[in-house]
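Colleague: Dumping the structure here so I can ask a few things about it.
Residue numbers (the numbering used here): 509 to 829.
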């Protein structure tokens, strides 16, 4: 009976996270529209933060509860799913054109941050000790995020120096409603994430399944649904800047903020559940995104198929070992 209750709570919590995140993104985008921000900038910042809000809430709750395997699985799994599954599927639906600035600026920033994350987490290889993250590692990740913020500020400055003509695009919500929805959905996200972490931990214990597996499947794929719907929908509509920018921004937020911020606040930790294979797949995903994007500034269906194939092979490995 308790197993069934925890399963229901997990599903309800995930639905709450997904629905609240969806409204949060709409409200945030509506607010940004009134400020006449470019689509890529919205995707890299507001949409990315909104869609990774469930991961952030889960990360804080799990690391505070010393569920470190869940903390790492939450971030590693999200980074893998975002690129290999979501971008892969979106590309299969419709080949994605990549803007020249994205190839020269945003994708290299993502690759840099992912590479540093790979080195920091693999202490067993580079430092001959248990894999994990320290407060110093968290500071490095947060410093990298400041580099990303600096780039965003430069983009905003260039955009504002240009003359705007015509009427501003119509926002979905008025200003007051956007602010109200942002506050309400953030509260729902925090509460729902607490329910997800507690029920998932209880399920893993009762079913004899590792926190790594249950997080990498039910929680990660469930909380990645906002990214999936946004990216595939944007790709179908030809809004390629939104599709690509959302994923780049989300992965940067996941590594630097979702993992770095709670580690800085609650302290470092170690985990024996993750090895070089897990982090190597995160790095491979970023490399594939970077090199495929550079090829004719376009992601083809063949490249999308290759991404999905790597994702399937990795998840098959998870269940075999």
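Glycine included, C-beta positions come from ideal geometry on N, C-alpha and C.
Remember, predicted model here, so these are calculated numbers, not experimental data.
For residue 521, collect the residues of the same chain with a Cβ closer than 7 Å to its Cβ; drop the 5 residues on either side in sequence, then sort them by chain order.
Modeller: Along the chain shown, read from residue 1 onward, the residue named residue 521 stands at position 13. The answer, listed in chain order, is 700, 703, 704, 707.
Colleague: Can you list the alpha helix (DSSP H) stretches of 4 or more residues lying completely in the segment 674-725, in chain order?
Modeller: Listed in chain order, they are 683-715, 719-722.
Colleague: Please state whether DSSP places residue 782 in a helix, a strand or coil.
Modeller: The count along the chain shown starts at 1 and reaches residue 782 at position 274. The answer is coil: DSSP assigns residue 782 none of H, G, I, E or B.
Colleague: According to DSSP, is residue 776 part of a helix, a strand, or is it coil?
Modeller: The residue given as residue 776 occupies position 268 in the chain shown. Three-state result, residue 776: coil.
Colleague: What span of residues does the alpha helix (DSSP H) with residue 635 cover, start to end?
Modeller: For the purposes of this step, residue 635 is taken as residue 127 along the chain shown, with counting starting at 1. Careful: residue 635 lies outside any alpha helix (DSSP H) and carries neither H nor E.
Colleague: If we count Cβ pairs, one from each stretch, closer than 8 Å, do we get three or more for the segment 818-828 versus the segment 635-648?
Modeller: No, they do not touch.
Colleague: Going along the chain, which residues of its own chain have a beta-carbon closer than 6 Å to the beta-carbon of residue 816, five neighbours each way excluded?
Modeller: For the purposes of this step, residue 816 is taken as residue 308 along the chain shown, with counting starting at 1. Contacts found: 596.
Colleague: Just reading off the alpha helix (DSSP H) that residue 587 is part of, what are its end residues?
Modeller: On the chain shown, residue 587 is found 79 positions in, with the first residue counted as 1. Run containing residue 587: 576-588, per the alpha helix (DSSP H) assignment.
Colleague: Just the Cα atoms here: how many angstroms apart are residue 631 and residue 679?
Modeller: Here residue 631 refers to the residue found at position 123 of the chain shown. Here residue 679 refers to the residue found at position 171 of the chain shown. The alpha-carbon atoms of residue 631 and residue 679 are separated by roughly 47 Å.
Colleague: By how many angstroms is the C-alpha of residue 510 removed from the C-alpha of residue 862?
Modeller: Since the first and last residues shown for the chain are 509 and 829, residue 862 lies out of range.
Colleague: Would residue 514 be called buried (16 or more neighbouring beta carbons within 10 Å of its own) or exposed?
Modeller: Residue mapping note: residue 514 aligns to position 6 of the chain shown, counting from 1. Label assigned to residue 514: buried.
Colleague: Ordered along the chain, which non-local residues of its own chain (more than five positions away) have a Cβ less than 6 Å from that of residue 568?
Modeller: Here residue 568 refers to the residue found at position 60 of the chain shown. For residue 568, where only same-chain residues beyond five positions count, the Cβ hits under 6 Å are 770.
Colleague: Opposite residue 605 in the DSSP bridges: which residues?
Modeller: Walking along the chain shown from the start, residue 605 turns up at place 97. DSSP lists 806 as partners of residue 605.
Colleague: Relative to the alpha-carbon of residue 766, which residue among 532, 566, 538 has its alpha-carbon at the smallest distance?
Modeller: Here the question's residue 766 lines up with position 258 in the chain shown. Ranking 532, 566, 538 by Cα distance to residue 766 puts 566 first.
Colleague: Closer than 6 Å by C-beta to residue 693: which residues in its own chain qualify, once you throw out the five before and the five after it? Chain order, please.
Modeller: Within the chain shown, residue 693 is the residue found at index 185, counting from 1. These residues qualify, in order along the chain: 528, 531, 532.
Colleague: Taking the CB atoms as reference points, tell me whether residue 830 and residue 720 lie closer together than 8 Å.
Modeller: Not covered by the structure: residue 830. The range shown for the chain is 509 to 829.
Colleague: Compare the beta carbon distance of residue 489 and residue 690 with 8 Å and say whether it is the shorter of the two.
Modeller: Not covered by the structure: residue 489. The range shown for the chain is 509 to 829.
Colleague: Does residue 812 come out as helix, strand or coil in the three-state DSSP assignment?
Modeller: One-based indexing of the chain shown puts residue 812 at position 304. In this structure, residue 812 counts as helix in the three-state DSSP scheme.
Colleague: Under three-state DSSP, which class holds residue 596?
Modeller: Position 88 of the chain shown, counted from the start, is the residue given in the question as residue 596. Residue 596 falls in the helix class under three-state DSSP.
Colleague: Reducing DSSP to helix, strand and coil, say where residue 746 ends up.
Modeller: The sequence position of residue 746 within the chain shown is 238, counting from 1. Of the three classes helix, strand and coil, the one that applies to residue 746 here is coil, per DSSP.
Colleague: Round the Cβ separation of residue 762 and residue 591 to the nearest angstrom and send it over; I've been treating them as touching at under 8 Å.
Modeller: Position 254 of the chain shown, counting from 1, holds the residue named residue 762. Position 83 of the chain shown, counting from 1, holds the residue named residue 591. Their Cβ separation, rounded to whole angstroms, is 11 Å, which puts residue 762 and residue 591 out of contact at 8 Å.
Colleague: Would you check if there are 3 or more beta carbon pairs closer than 8 Å linking the segment 804-819 to the segment 567-585?
Modeller: No: the two stretches stay apart, fewer than three of their Cβ pairs being nearer than 8 Å.
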